[in-house]
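Asks: The structure that follows is given in the form of structure tokens.
Protein chains: 2
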Amino acid sequence: MTRLGRNPMYQQIADALREQITSGELEPDAKLPTEAEMRDQYGVSRETVRKALAQLVNEGLVISARPQGHFVRRRQPMVFRPQAEFRKRPYSPEMDAFMTEYAGEGREPRQVIEVAIVEPPEDVAKRLHLEPGDLVAVRKRVRYLDGEPFNINDSYFPLAIVRDSEIMRPEDIARGANEVLAELGYRQVRALDELYVRMPTPEQVHRLDLGPGTPVGVHVTTGFTGEGQPVRVAVTVLPGDRHVISYERQREASNEGA
Amino acid sequence: MTRLGRNPMYQQIADALREQITSGELEPDAKLPTEAEMRDQYGVSRETVRKALAQLVNEGLVISARPQGHFVRRRQPMVFRPQAEFRKRPYSPEMDAFMTEYAGEGREPRQVIEVAIVEPPEDVAKRLHLEPGDLVAVRKRVRYLDGEPFNINDSYFPLAIVRDSEIMRPEDIARGANEVLAELGYRQVRALDELYVRMPTPEQVHRLDLGPGTPVGVHVTTGFTGEGQPVRVAVTVLPGDRHVISYERQREASNEGA
DNA sequence: CTGACTGCATTGTCCAGTCAATGCGGCCAA
DNA sequence: TTGGCCGCATTGACTGGACAATGCAGTCAG
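Chains A and B, in that order, give the protein sequences. With the numbering used here, letter number 29 in the first sequence gets 29, and the count goes up by one each step, no holes. Every position in the second sequence, counted from 1, becomes a number in the numbering used here once 1000 is added.
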């Protein structure tokens, strides 16, 4: 391993290790050589080895468990299906098959709910068409699976609509907050989903107990009534290493040409 | 800035800089102090400052332009709307408004197309229900906007279906490959979308000219005919810093309770 | 005026070392 | 046998240095 090409040594070392991982030569949970071993093996300083390892950690391929060493990371995603909100059962056999394949059977769910009245963040205020000074109710949830944080879901509602309703109580709403909104006269019939792909903020790293190098999907849903009034903004943060997001789509008979 | 709490110095420095960036004190394209200046300012070694900067670069907040210095990164996402395939015009006024807000007017698109017959990757073979040995045609596209790579789109078709068709020619198909498939008797009426959030592979970094710390969304669409036969798998790789992915959804009258 | 060269500030790579933190395994006492 | 303590291997944090690479700005020859 010499500096023949123009790739820096730490890159070459990272590439070699990555190759061993993706090829399967190093299986999930396998232990990598220690920094000292690689230092001798490649004839570089320990800092250079560490830089290579840091890169792999940042790519999410490797985790470091002090002082046991570095290990190949294991992944197993769960399905996140935003359409489930309007459509409990998938309408196509393909989606059905897809979901059973990734089904997380036998895992134990849990959630922590927190309710507050706050000034809305700017992006929420914009989506809810609020005036400056208008307040919102927010239900912040962290969902756990088998004790591990799994995703964050913060739902914002215009305070004027949900004041004194069941939504303000920090308890699980079995029939869903959407149903409560409907009972209050604000049934959502349309939703707009936005999905951003990002590196997490430190706060998200903390709330989701993310390893370094784990990107997140930020899923923002805005729910509208039949009159086009926005009544709910839900922000879901999904760790990239634990989720697949899926949609099913159908061609409309009235709209062939596309 | 001392080691009072238990956060390492490089973390504290990164946090301080991040705060300045997110608060707007440091605007997009603003130049950060040089490593030497920060070394003196915080009273640490240059390597420690570099570690803080590396973290911000990895979070995608900062870019380093040697030898000009480090700069606050500017972002401006484009909308990616998978539903456009089956539905050219959005059906809700909200989606319309959303799209005009992010519209990339006046930008110059370009694409590079490459066609090949290959053994399908395992995940593609599975989604197309292929037997071992079956081959596929693949149209690999890199789309550019204003000279910058914008996304990768690789579409796979069972070779048995598209052999000798227009799809095999490495030219743009104005009416769309889906229309050609329909003319061949394989009109897609349903699609299943999967969305993965990942750090990019080195190959993706190269093809998309990604900065470090840029995660990607991998969007996999499987298109089905009315009989449920999969006829197309499209893999789109979207740099997280250049895209918002969006869907619109509607409650179905026949399916209220959800 | 133009084009080529050169100096220079800045970041990139790498080294050899120090000391701290951590968790496991083994040792020892009760 | 059990529980607590300690050593130790390993990674984390940090230092102070060296030299390379790069692109800009200014200089100088034509």
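For every residue, glycine included, the Cβ atom is placed at its ideal position computed from N, Cα and C.
Where do the ends of the beta strand (DSSP E) carrying VAL1142 (chain B) lie?
Replies: 1136-1145
Asks: Using alpha carbons as the reference points, say which of A:ARG73, A:ALA65 and A:GLU37 lies closest to MET28 (chain A).
Replies: For clarity, residue 28 (chain A) is Pro in the given sequence; the question names Met instead. PRO28 (chain A) has its Cα closest to that of A:ARG73, out of A:ARG73, A:ALA65 and A:GLU37.
Asks: Quick check on the DSSP output: the alpha helix (DSSP H) that includes LEU1017 (chain B) runs from which residue to which?
Replies: 1009-1022
Asks: What did DSSP end up calling TYR196 (chain A) once you bin it into helix, strand or coil?
Replies: strand
Asks: Could you name the residues of the same chain whose beta carbon sits closer than 7 angstroms to that of ASN1255 (chain B), not counting the 5 residues immediately before and after it, in chain order?
Replies: Unreliable positioning characterises ASN1255 (chain B) in this predicted model, as indicated by a pLDDT of 43, which lies under 50. A coordinate reading is not provided.
Asks: Determine, using beta carbons only, whether MET199 (chain A) and PRO1215 (chain B) come nearer to each other than 8 angstroms.
Replies: yes
Asks: For ALA30 (chain A), write down the residues that DSSP places opposite it in a beta bridge.
Replies: By DSSP's assignment, ALA30 (chain A) forms no beta bridge with any residue.
Asks: Can you confirm whether PRO1067 (chain B), when its beta carbon is compared against all beta carbons of chain A, has any partner nearer than 8 angstroms?
Replies: no
Asks: Less than 8 angstroms between the C-beta atoms of HIS1206 (chain B) and ILE1245 (chain B), yes or no?
Replies: no
Asks: Around the Cβ of GLN260 (chain A), are there at least 16 other Cβ atoms within 10 angstroms (buried) or fewer (exposed)?
Replies: Nothing about residue 260 (chain A) can be reported from this structure: the residues present for chain A run from 1 to 258 only.
Asks: If you measure from the beta carbon of VAL1118 (chain B) to each beta carbon in chain A, is any gap under 8 angstroms?
Replies: No - not a single Cβ of chain A is within 8 angstroms of the one on VAL1118 (chain B).
Asks: Rounded to the nearest angstrom, what separates GLY1024 (chain B) and PRO158 (chain A) at their Cα positions?
Replies: If you take the alpha carbons of GLY1024 (chain B) and PRO158 (chain A), they lie about 27 angstroms apart.
Asks: Out of curiosity, what's the CA-to-CA distance linking ARG1232 (chain B) and LEU210 (chain A)?
Replies: One alpha carbon belongs to ARG1232 (chain B), the other to LEU210 (chain A), and they sit about 35 angstroms apart.
Asks: Distance, Cα to Cα, ILE173 (chain A) vs GLU1131 (chain B)?
Replies: 47 angstroms
Asks: To which residues does DSSP link GLU219 (chain A) through a beta bridge?
Replies: As written in the sequence, residue 219 (chain A) is His, which differs from the Glu given in the question. According to DSSP, which records beta bridges pairwise, HIS219 (chain A) is partnered with A:LEU195 and A:THR236.
Asks: Note the first and the last residue of the continuous beta strand (DSSP E) segment covering VAL1072 (chain B).
Replies: 1069-1072
Asks: For ARG1039 (chain B), collect the residues of the same chain with a Cβ closer than 7 angstroms to its Cβ; drop the 5 residues on either side in sequence, then sort them by chain order.
Replies: SER1045, ARG1046 and VAL1049
Asks: Note down, in chain order, every chain B residue with its Cβ under 9 angstroms from the Cβ of TYR247 (chain A).
Replies: Under the 9 angstroms cutoff, chain B gives PRO1082, GLN1083, ALA1191, LEU1192, ASP1193, GLU1194, LEU1195, TYR1247 and ARG1249.
Asks: So which of A:TYR196, A:VAL118, A:LEU56 and A:GLN68 has the shortest CA-CA distance to GLN11 (chain A)?
Replies: Among A:TYR196, A:VAL118, A:LEU56 and A:GLN68, the Cα nearest to that of GLN11 (chain A) is on A:LEU56.
Asks: Terminal residues of the continuous alpha helix (DSSP H) containing GLN1055 (chain B)?
Replies: 1046-1058
Asks: Could you give the residue range of the beta strand (DSSP E) that holds GLN250 (chain A)?
Replies: In the DSSP assignment, GLN250 (chain A) falls within the unbroken beta strand (DSSP E) covering 243-250.
Asks: For GLY1217 (chain B) versus GLY1240 (chain B), is the C-beta distance shorter than 8 angstroms?
Replies: yes
Asks: Quick one, are the C-beta atoms of ASN1058 (chain B) and ASN58 (chain A) less than 8 angstroms apart?
Replies: In contact: ASN1058 (chain B) and ASN58 (chain A) (Cβ atoms closer than 8 angstroms).
Asks: Going by DSSP in three states, ILE63 (chain A) sits in which element: helix, strand or coil?
Replies: strand
Asks: Applying a beta-carbon distance threshold of less than 8 angstroms, which residues of chain A neighbour ARG1073 (chain B)?
Replies: By Cβ distance, chain A contributes nothing, its closest Cβ being about 12 angstroms from ARG1073 (chain B), past 8 angstroms.
Asks: What span of residues does the beta strand (DSSP E) with VAL1116 (chain B) cover, start to end?
Replies: First, the residue type needs correcting, since residue 1116 (chain B) is Ala and not Val in the sequence shown. Counting along the chain, the beta strand (DSSP E) containing ALA1116 (chain B) begins and ends at 1109-1118.
Asks: Taking C-beta to C-beta, are ARG127 (chain A) and PRO230 (chain A) nearer than 8 angstroms?
Replies: yes
Asks: Along chain A, which residues have their Cβ under 9 angstroms away from the Cβ of ASN1058 (chain B)?
Replies: ASN58, MET199, PRO212 and GLY213
Asks: Would VAL118 (chain A) and VAL138 (chain A) qualify as a contact pair, given that the criterion is a beta-carbon distance under 8 angstroms?
Replies: yes
Asks: Considering just the uninterrupted stretch of the alpha helix (DSSP H) at ASP40 (chain A), what are its terminal residues?
Replies: 35-42
Asks: Note down the Cα distance separating GLU1148 (chain B) from LEU1061 (chain B), rounded to an integer number of angstroms.
Replies: 19 angstroms
Asks: Could you tell me the distance, in whole angstroms, from the CA atom of GLU122 (chain A) to the CA atom of VAL136 (chain A)?
Replies: 12 angstroms
Asks: Between the region 1033-1052 of chain B and chain A, which residues of the former have CB atoms less than 7 angstroms from a CB of the latter, in chain order?
Replies: When CB distances to chain A are screened at a threshold of 7 angstroms, not a single residue of the region 1033-1052 of chain B falls below it.
Asks: Would you verify that the beta carbon of SER1092 (chain B) is, or is not, closer than 8 angstroms to some beta carbon of chain A?
Replies: yes
Asks: Examine chain B for any beta-carbon lying closer than 8 angstroms to the beta-carbon of MET95 (chain A), and answer yes or no.
Replies: yes
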